Structure formats: structure tokens, C-alpha cells
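Visitor: The numbering of the sequence shown is the working numbering, which starts it at 1 and goes up by one.
Quick one: structure below, then a few questions.
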Amino acid sequence: MRTRFAPSPTGPLHLGHAFAALTAFGRGEMLLRIEDIDTARSRPEWEAQINDDLTWLGLDWPRPVLRQSERLAAYRAALDRLGAMGLTYPCRCRRSDIRAALSAPQVGAPVLGPDGLVYPGTCRGRRLAEAGPGDAIRLDMARALERLGPALPGFTETGPAQPGRHRLDARALIETVGDVVLARRDLGTSYHLAVVVDDAFQQIGEVTRGEDLFEATPIHVLLQALLGLPTPAYHHHRLILDAAGKRLAKRDDARAIAAYRAEGATPADIRRMVGL
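Below you can see the structure in the form of C-alpha cells.
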């Protein structure tokens with residue numbers, strides 16, 4: 001089984017990353033992917049630290065490493081394919097515009113999806129030819145589902161929380177996911193589109209990642225079906241939480257792997273800390 005560990009080089013790896021990398025490594029051949037499409041925040045020194053920390057943990061991976069910043073043409077090609085199907089449209093709305101539209105008296109209670117507030121469709125009638133330089137590109141979810149027809153695809157989950165076969169639900173995708181962004185105005189792509197294209201390119205057989213991303217999986221399976229790409233199995237593992245029960249963040253330097261290393265911890269200590 002080929003899987004991957006895909007950190008962003010925007011800060012130090014912490015205990016949650018250690019658990020994710022060790023989990024991926026333990027389930028098959030692990031590829032390291034550097035998700036650095038956010039060039040404004042990504043730093044080469046953080047990528048170097050990622051390599052140092054993972055090597056110190058005893059992990060190894062095939063070279064060369066895939067960097068998303070070098071794959072923008074592939075993401076553009078996938079975006080153009082979806083556009084040629086009539087499934088995308090340009091969106092000029094900012095977050096403040098979306099909040100204002102959803103707060104109107106005639107609108108129901110706002111719904112939170114994998115990407116935050118579910119988009120109300122303000123720009124849905126716009127054509128791609130009208131796209132401006134500051135526009136994002138969104139997927140028309142209803143049209144995408146119509147194109148796939150009633151027999152929607154599914155995916156196999158091997159993680160501990162929700163194991164088994166899951167089939168996409170059209171109503172849930174429209175009401176609780178909505179018209180997701182496929183290309184952000186400042187990046188030229190989005191997490192959803194990039195990971196789908198890269199998982200297929202790298203022939204990933206099982207995607208291992210935190211259970212907080214389980215709700216994003218139907219988006220990825222939908223995009224795979226639209227683009228004619230294979231759907232891997234998914235393994236959403238538990239998260240490493242802080243004392244308050246919140247997911248660790250990169251700004252929590254006290255739990256950075258490098259900090260534990262500096263204090264004299266061993267790789268075995270890290271494994272014990274994350275419950276392995």
C-alpha cells in the first residue's frame with residue numbers, strides 16, 4: 001500500500017504531525033509531499049526542519065519529493081477540464097460578503113461546512129469569461145452532481161471512527177458543503193483540487209490523515225469522479241489534542257518535535273507521547 005504524509009512548510013512539526021507521519025509510515029510505503037502552494041507562508045527553512053525531524057524519528061521515503069508549488073500547471077489543467085464541462089464559475093465575493101448575504105432576514109440559519117460557511121450562490125450565474133484577476137473559481141455543486149447522475153460514487157474508510165463503505169449523498173453535498181472553492185484568487189488552486197490531482201499522480205492507494213478532514217472526503221471523491229481519477233481508500237486517524245481538548249497548531253511551539261529533541265527526548269519518547 002502506498003500512502004503519503006503531506007505537511008505544509010509553514011511552521012515546525014508538532015506531536016500531531018509525528019503521529020500522522022508514523023501512522024502513514026506504518027501502513028505501507030510512505031511518500032513525503034510538501035504542500036507549499038501557500039508561497040506567502042511557506043519557507044525553505046521549515047521544509048529543511050521537516051526533513052530533519054522525520055529522519056530523526058527514523059522515517060525514510062522515496063526521492064525526489066513532490067512539491068505542490070511545482071505542480072501549478074497540472075492543477076490548472078484539471079481546473080480547465082472542469083470549466084469545459086460547465087461546472088465552474090468565477091466568484092468575486094469576500095468572506096464579509098458571504099457573511100452579509102447569509103445574515104439577511106429571509107435566509108435561514110447559516111450552515112457550516114468543511115470550508116466554513118456554506119456559500120449562498122451569489123455569483124453562480126456568472127460565466128467563466130467574466131472572471132476578473134481577483135476572482136476565485138467555485139464548483140457548481142448541483143451541476144456536478146447532475147453530471148454524475150443518480151449512481152454517485154463512494155469510498156472505503158479504514159480509520160477507527162467510521163470504518164466501512166460510504167456513498168456520496170447529493171442532498172448533503174448541496175446543503176452542507178455547497179459550491180466549494182477550487183482555485184483561490186491568490187494561489188491558483190485550492191487544497192481540494194491539489195490533493196485530488198496529486199494523489200492520482202502519485203498513485204496513492206490509501207490517504208492517511210486526521211479525522212478532522214473526514215468531512216472533506218466527499219468533495220475529493222466527487223472531484224475524482226468528475227476528472228476520471230481513481231479513488232483511494234481513506235484512513236482518518238485520531239488527533240493529538242492539547243490539555244484543553246483542542247487540536248495542536250503549529251504556533252504551539254512548546255509541543256514542536258524540535259523542542260522535545262532539544263530537551264533530550266528520543267524517538268521512542270515521542271512514540272510514547274502520541275500513544276504508539
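For every residue, glycine included, the Cβ atom is placed at its ideal position computed from N, Cα and C.
None of these values were measured; they are calculated from a predicted model.
1. For the 8 angstroms Cβ check, are there 3 or more pairs between the segment 112-120 and the segment 156-163?
2. Would you report the Cα separation of LEU152 and TRP56, rounded to the nearest angstrom?
3. At what residue ranges does the segment 86-155 contain a whole run of the alpha helix (DSSP H), taking only runs of 4 or more?
4. When DSSP labels each residue in this structure, what does LEU59 get in the three-state scheme?
5. First and last residue of the alpha helix (DSSP H) that includes ALA76?
6. Taking DSSP as the reference, what is the three-state secondary structure of PRO26?
7. Which partner residues of ALA256 appear in the DSSP bridge assignment?
8. Which residues bound the beta strand (DSSP E) around GLU206?
9. Let me confirm a value: PRO64 is counted as buried when at least 16 other C-beta atoms fall within 10 Å, else exposed. Which label applies?
10. Count the other CB atoms within 10 Å of the CB of LEU59; is the residue buried (16 or more) or exposed (fewer)?
11. At which residues does the beta strand (DSSP E) containing ILE165 begin and terminate?
12. From the DSSP output, in three-state form, read off LEU226 for me.
13. Report buried or exposed for ALA268, applying the criterion of at least 16 other Cβ atoms within 10 angstroms of its Cβ.
Guide: The short version:
1. The segment 112-120 makes no contact with the segment 156-163, as fewer than three CB pairs between them are under 8 angstroms.
2. As a first step, residue 152 must be located in the sequence shown, where it is residue number 152. As a first step, residue 56 must be located in the sequence shown, where it is residue number 56. Rounded to whole angstroms, LEU152 to TRP56 spans 44 angstroms at the Cα level.
3. 95-102, 141-148
4. The count along the sequence shown starts at 1 and reaches residue 59 at position 59. Under the three-state reduction of DSSP output, LEU59 falls in the coil class, being neither helix nor strand.
5. The residue labelled residue 76 in the question sits at position 76 within the sequence shown. What sits at residue 76 in the sequence shown is Arg, not Ala. That run of the alpha helix (DSSP H) goes 72-84.
6. One-based indexing of the sequence shown puts residue 26 at position 26. The displayed chain sequence assigns Gly, not Pro, to residue 26. The answer is helix: DSSP assigns GLY26 an H, G or I state.
7. Numbered from 1 along the sequence shown, position 256 holds the residue referred to as residue 256. Answer is HIS14.
8. The sequence position of residue 206 within the sequence shown is 206, counting from 1. Per DSSP, GLU206 belongs to the beta strand (DSSP E) from 206-210.
9. As a working note, residue 64 is residue 64 in the sequence shown. It counts as exposed.
10. Along the sequence shown, one-based indexing puts residue 59 at 59. Looking at its Cβ environment, which holds 16 or more other Cβ atoms inside 10 Å, LEU59 is buried.
11. Here residue 165 corresponds to residue number 165 of the sequence shown, with the count starting at 1. Residue identity check: residue 165 is Arg in the sequence provided, not Ile. Residues 164-167.
12. On the sequence shown, position 226 is the one that residue 226 refers to. DSSP places LEU226 in helix when its eight states are reduced to three.
13. Taking the first residue of the sequence shown as 1, we reach residue 268 at position 268. Exposed, since its Cβ has fewer than 16 Cβ neighbours within 10 Å.
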